[in-house]
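Residue numbers (our numbering): 1 to 363.
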């Protein structure tokens with residue numbers, strides 16, 4: 001079967017080019033492809049099944065991400081899953097650059113990315129059998145769902161504080177900084193109540209919220225006394241702040257970054273064994289998710305050590321989302337052995353994207 005390599009056991013790392021070729025057959029065969037891609041293929045000036053033979057060839061595709069703002073979700077599910085696909089959920093982007101975009105996550109991909117992320121936490125020495133406090137968006141956002149599953153997988157209970165990042169971004173864009181500030185403090189108050197009354201071993205939150213939590217000496221003391229790991233993501237953290245957290249604010253707590261996007265149906269964790277002085281490096285789970293760092297003006301890949309804009313690819317049996325120019329700048333880093341594409345470090349947002357000002361807010 002053409003999709004055998006797409007069904008390898010969780011944890012397997014298939015040959016990247018062979019995997020891409022199998023994915024092209026799956027997504028563009030009339031028997032197995034989604035209604036969206038089968039229709040979209042008619043507008044391409046190349047034949048994916050004949051011309052896309054490697055990770056590098058994914059650059060042939062146009063960036064179709066903005067089309068996901070209004071495409072019918074059922075049309076994104078490959079026909080090869082049959083009439084009753086196991087849908088975990090439909091998730092939306094943060095709406096930073098306009099109306100949100102949507103993806104659909106199926107069970108096989110969900111199990112694979114969760115296994116990858118949990119293996120990363122194990123390698124970093126994150127505690128198991130510990131309760132989690134997730135101060136992250138839920139609702140249509142994938143981040144909250146990840147926290148729920150990771151806490152359960154790792155033997156803990158999840159406590160949660162919901163946040164609405166779109167509302168904060170609206171307030172900031174409207175010049176209502178005081179209201180945005182009050183909302184952020186409202187989130188911190190809720191997190192504090194859980195920390196003071198419950199056993200919490202892992203915190204998952206965003207850098208803007210972690211910075212606000214760190215302003216409260218009593219909460220810092222509580223975290224250092226009872227929390228074994230802090231997992232941050234959803235917004236950027238600069239190198240100086242990361243160094244300060246690791247060495248002075250939370251010196252006994254494992255601090256680990258996560259980098260991803262709803263548009264790649266997940267993400268990846270910070271490279272293991274980085275020192276306090278190392279840049280924060282992220283290695284994607286290639287060939288399912290790959291990064292490329294490019295000059296935004298020319299589209300050409302920059303040299304290692306240079307900064308550029310991040311292009312993300314998602315290739316799995318679940319979905320094909322290639323050649324997506326993200327709203328992030330990063331330093332291009334040499335990948336680990338046998339990893340396709342680039343690794344990235346020191347991720348930060350661009351100032352404008354799709355003619356919209358990029359506002360991080362709390363997420």
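Note that beta-carbon positions come from the ideal geometry of N, C-alpha and C, so glycine has one too. Keep in mind the model is a prediction, meaning the values are calculated, not measured.
Cα-Cα separation between residue i and residue j, rounded to whole angstroms
i           : j           : result
residue 315 : residue 30  : 18 Å
residue 128 : residue 271 : 19 Å
residue 123 : residue 77  : 33 Å
residue 305 : residue 332 : 5 Å
residue 20  : residue 57  : 9 Å
residue 73  : residue 125 : 38 Å
residue 372 : residue 303 : Since the displayed the chain opens at 1 and closes at 363, residue 372 lies outside it and no answer follows.
residue 116 : residue 154 : 13 Å
residue 269 : residue 225 : 24 Å
residue 330 : residue 324 : 15 Å
residue 5   : residue 54  : 15 Å
residue 335 : residue 327 : 21 Å
residue 233 : residue 143 : 9 Å
residue 208 : residue 22  : 41 Å
residue 365 : residue 213 : It is not possible to answer for residue 365, since the shown part of the chain is limited to 1 through 363.
residue 247 : residue 276 : 7 Å
residue 189 : residue 307 : 37 Å
residue 173 : residue 184 : 15 Å
residue 249 : residue 14  : 41 Å
residue 139 : residue 222 : 29 Å
residue 32  : residue 85  : 12 Å
residue 169 : residue 101 : 16 Å
residue 51  : residue 38  : 16 Å
residue 118 : residue 49  : 34 Å
residue 175 : residue 99  : 20 Å
Boundaries of the alpha helix (DSSP H) in which residue i is found, first to last residue
i           : result
residue 156 : Unbroken run through residue 156: none, as it is neither H nor E.
residue 59  : Element bounds for residue 59: n/a, residue is neither H nor E.
Residue burial classification, residue i (beta-carbon count within 10 angstroms, cutoff 16)
i           : result
residue 186 : exposed
residue 131 : buried
residue 1   : Any reading at residue 1 is ruled out, since the residue's pLDDT is 44, under 50, leaving its predicted position unreliable.
residue 62  : exposed
residue 291 : buried
residue 82  : exposed
residue 42  : exposed
residue 103 : buried
residue 191 : buried
residue 298 : exposed
residue 65  : buried
residue 11  : exposed
residue 342 : buried
residue 229 : buried
residue 198 : exposed
residue 166 : buried
residue 196 : exposed
residue 152 : exposed
residue 46  : exposed
residue 145 : buried
residue 366 : This structure gives no information on residue 366, because the portion of the chain shown stretches from 1 to 363.
residue 177 : exposed
Bridge partner(s) assigned by DSSP for residue i
i           : result
residue 281 : 345
residue 372 : With the chain represented from 1 up to 363, any question about residue 372 goes unanswered, as that position is not in the structure.
residue 269 : 258
residue 309 : 294, 329
residue 91  : 103
residue 320 : 315
residue 301 : 294
residue 289 : 314
First through last residue of the beta strand (DSSP E) which encompasses residue i
i           : result
residue 106 : 102-106
residue 204 : 202-205
Min CB distance residue i to chain B below 7 Å
i          : result
residue 82 : Absent here is chain B; the protein component of the structure consists of one chain.
Next item on the list: Could you pull out every unbroken beta strand (DSSP E) segment of at least 3 residues lying fully inside the region 111-179, listed in chain order?
Entry: 132-137, 158-163
Check: Fully enclosed by the region 212-254, which alpha helix (DSSP H) runs are 4 residues long or longer?
Finding: 217-226, 239-244
Next item on the list: Would you list, in sequence order, the uninterrupted beta strand (DSSP E) runs of no fewer than 3 residues that lie entirely inside the region 14-83?
Entry: none
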